[in-house]
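Student:
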Amino acid sequence: MHAKETSLSIRSTDCSEQPDRYKEEGTQCLDQNSPQGGHYRPCGQSTLISMVHRLIDQVARYDTNVLILGESGTGKELVARNIHELSSRTDKPFVPVNCGAIPAELIESELFGHEKGAFTGAITARKGRFEIAEGGTLFLDEIGDMDLAMQVKLLRVLQERSFERVGGNETRRCNVRIIAATHRDLEKRIAKGTFREDLYYRLSVFPIDTPALRDRIEDLPELIEQMADRSLRTGHPRIRFSRTAMTSLARFSWPGNVRELANLIERLAITHPRSTIELQDLPAKYRSQHSAEIDMALKVQDPPSVPGTVRSMDLPQDGLDLKDYLRTIERRLIRQALGETHGVVAQAARLLHLRRTTLVEKMRKYQVSARA
Ligand SMILES: Nc1ncnc2c1ncn2[C@@H]1O[C@H](COP(=O)(O)OP(=O)(O)OP(=O)(O)O)[C@@H](O)[C@H]1O
Ligand SMILES: [Mg+2]
1 MHAKETSLSI RSTDCSEQPD RYKEEGTQCL DQNSPQGGHY RPCGQSTLIS MVHRLIDQVA
61 RYDTNVLILG ESGTGKELVA RNIHELSSRT DKPFVPVNCG AIPAELIESE LFGHEKGAFT
121 GAITARKGRF EIAEGGTLFL DEIGDMDLAM QVKLLRVLQE RSFERVGGNE TRRCNVRIIA
181 ATHRDLEKRI AKGTFREDLY YRLSVFPIDT PALRDRIEDL PELIEQMADR SLRTGHPRIR
241 FSRTAMTSLA RFSWPGNVRE LANLIERLAI THPRSTIELQ DLPAKYRSQH SAEIDMALKV
301 QDPPSVPGTV RSMDLPQDGL DLKDYLRTIE RRLIRQALGE THGVVAQAAR LLHLRRTTLV
361 EKMRKYQVSA RA
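Throughout the sequence shown, residue numbering follows this note's numbering, covering 1 to 372 in sequence.
Written out as structure tokens, the structure is:
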């Protein structure tokens, strides 16, 4: 589900030519109140993310290699950018390389460059990522997907701080800080023999774990707030969430983490350009298995204007007439939708995900008028 790094064009030679996905999407926190934290500061106040902030602050000023570990979409690249911007290398390039997206036969020349005529198609000499990142930071993303032959070559550069272009003899020195990231379990890969242990120890001098969103769910409102602001900046309408919708989101397990959340917010800002997203506006999977319970909670919060509503989430001791109860809920939601859309039946039908004619039929059945 994740759009992999698209900002890296395998063929381009100058990183200033590449669109910066982060700048384009306005990803950074832009937290003007904490300039010390930086624009790329991962947002949140939870204990887990505060620990990440602390580690970033501790390591930023040193040239130590950093290994960022964490599930997909947890903000590994954001952390790498934050470290770079807080380091003394901030005025030099931050160069991301998605090691998993570059074919094995191209990665060597991608990282180290090549001389003219080094291989078929090498019609001019070309700088590699190490040279482009000179003085700055090289972000080796998805390092767990790098093939073994390339791991050996990388290890040599990390040890000797020098390399040769493909097809070249000249040894070039490099001054580049290395930050690597992966969502893979590198220790398992080492055990399987697909990741070199010596490279692992070189890279993981300072490991940082980016926590899964489900483990720091208390950060959800702040993240949503930031993403809603981002949507606004990219021209989408501002959206908010009702309390029940927020509760439902907080119960979701977020396998795609913050990236999935960002995608959901963007999607909702397009499909529901209204101010408040209600529980029923969320795509089904975000309503989770507790949605009925939350739905009931919603009823409890409503004003007692509709007679006959059960005002408890539990089945009453002496049972209830389910059909009658569901009719009551249906009538209530229809009236609510008509109220919110000022009696415009077509809009109310859209809110309820019904055809207009179906809604008109139900209104007749329940004797609800548009302007009730
Ligand atoms: N703590 C956070 N605060 C604000 N935005 C965040 C945070 N964590 C992640 N994001 C946003 O979520 C998206 C994914 O983040 P990022 O690309 O850094 O994750 P990743 O761990 O590198 O993901 P992948 O493994 O899929 O490459 C980005 O748009 C990023 O801005
Ligand atoms: Mg990434």
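We put the CB at the ideal spot given by N, CA and C, even for glycine.
Would the region 243-255 and the region 205-214 be scored as touching if the rule is three or more Cβ pairs under 8 Å?
Tutor: yes
Student: Three-state secondary structure (DSSP) at E361?
Tutor: Helix.
Student: At the level of alpha carbons, what is the spacing between L138 and V176?
Tutor: 6 Å
Student: If I measure Cβ to Cβ from D198 and keep anything under 8 Å in the same chain, skipping five residues before and after, which residues do I get?
Tutor: L155
Student: Using only the alpha-carbon positions, how far apart do Q336 and S46 sit?
Tutor: 36 Å
Student: Rounded to whole angstroms, what's the CA-CA distance from I270 to D147? Just pull it up for me.
Tutor: 41 Å
Student: Who does L140 pair with in a DSSP beta bridge?
Tutor: V97, A180
Student: Where does L69 sit, in a helix, a strand or coil, going by DSSP?
Tutor: Secondary structure at L69: strand, using DSSP grouped into helix, strand and coil.
Student: Does the beta-carbon distance from F112 to G144 come in below 8 Å?
Tutor: no
Student: Out of Y201, L203, R81, A245, state which residue places its alpha-carbon closest to the alpha-carbon of P221.
Tutor: A245
Student: Does the region 37-44 touch the region 77-84, meaning 3 or more C-beta pairs lie closer than 8 Å?
Tutor: yes
Student: So, is H353 buried or exposed, given that buried needs 16 or more other C-beta atoms within 10 angstroms?
Tutor: exposed
Student: Return helix, strand or coil for I277, following the three-state DSSP convention.
Tutor: Residue state, collapsed to three classes: strand.
Student: Taking Cβ positions, are S231 and E266 nearer each other than 8 Å?
Tutor: yes
Student: Would Y200 and I208 be called neighbours here (beta carbons separated by less than 8 Å)?
Tutor: no
Student: Are there any heavy atoms of ligand 2 lying less than 7 Å away from the beta-carbon of D209, as far as the coordinates show?
Tutor: no
Student: Let me check one thing: in DSSP terms, what residues is R172 bridge-paired to?
Tutor: F163
Student: What residues are listed by DSSP as bridge partners for R126?
Tutor: H114
Student: Tell me the rounded alpha-carbon separation between M227 and F241.
Tutor: For M227 and F241, the gap between their C-alpha atoms comes out near 12 Å.
Student: V66 and I179: beta carbons closer than 8 Å?
Tutor: yes
Student: Is DSSP giving D209 helix, strand or coil here?
Tutor: strand
Student: Can the beta-carbon of T64 be found less than 8 Å from the beta-carbon of V205?
Tutor: Yes, the pair counts as a contact, with Cβ atoms nearer than the cut-off.
Student: Roughly how many whole angstroms lie between the Cα atoms of G117 and A133?
Tutor: 24 Å
Student: According to DSSP, is S305 helix, strand or coil?
Tutor: Since pLDDT at S305 reaches only 45, below the 50 mark, its modelled position is unreliable, and the value read off the structure follows with that caveat. In the structure shown, S305 sits in coil (DSSP, three-state: anything other than H, G, I, E or B).
Student: Of the choices G121, V59, L140, E71, whose alpha-carbon is the least far from that of V97?
Tutor: L140
Student: By Cβ distance, which residues of its chain are closer than 8 Å to A149, with the 5 residues on each side in sequence left out?
Tutor: A104
Student: Can you have a look at L264 and say buried or exposed, based on whether 16 or more other CB atoms are within 10 angstroms of its CB?
Tutor: Counting Cβ neighbours within 10 Å, L264 comes out buried, since at least 16 surround it.
Student: My output table needs one value for R240: the three-state DSSP class, helix, strand or coil.
Tutor: strand
Student: With distance defined between alpha-carbon atoms, name the residue in F119, K92, R81 nearest to E131.
Tutor: K92
Student: Please report the Cβ distance between L223 and V258, rounded to the nearest whole angstrom; I am assuming they are in contact, meaning their Cβ atoms lie under 8 Å.
Tutor: In this structure L223 is in contact with V258, their Cβ atoms being roughly 6 Å apart against a cut-off of 8 Å.
Student: Straight-line CA distance for T341 to A348?
Tutor: 6 Å
Student: In chain order, what residues of the same chain have a beta carbon less than 8 Å from the beta carbon of Y286, not counting five sequence neighbours either side?
Tutor: S248, L249, F252, L264
Student: Whole angstroms is fine: what's the gap from G100's alpha carbon to R126's?
Tutor: 21 Å
Student: Once you ignore the five residues that flank P273 on each side, which residues in its own chain have a CB closer than 7 Å to its CB?
Tutor: Residues P237 of the same chain have their beta carbon placed closer than 7 Å to that of P273, with the five preceding and five following residues left out of the count.
Student: Do the CB positions of M363 and I334 come within less than 8 Å of each other?
Tutor: Contact check for M363 against I334 passes: the beta carbons are separated by less than 8 Å.
Student: Do you know offhand how far I102's Cα is from I49's?
Tutor: 31 Å
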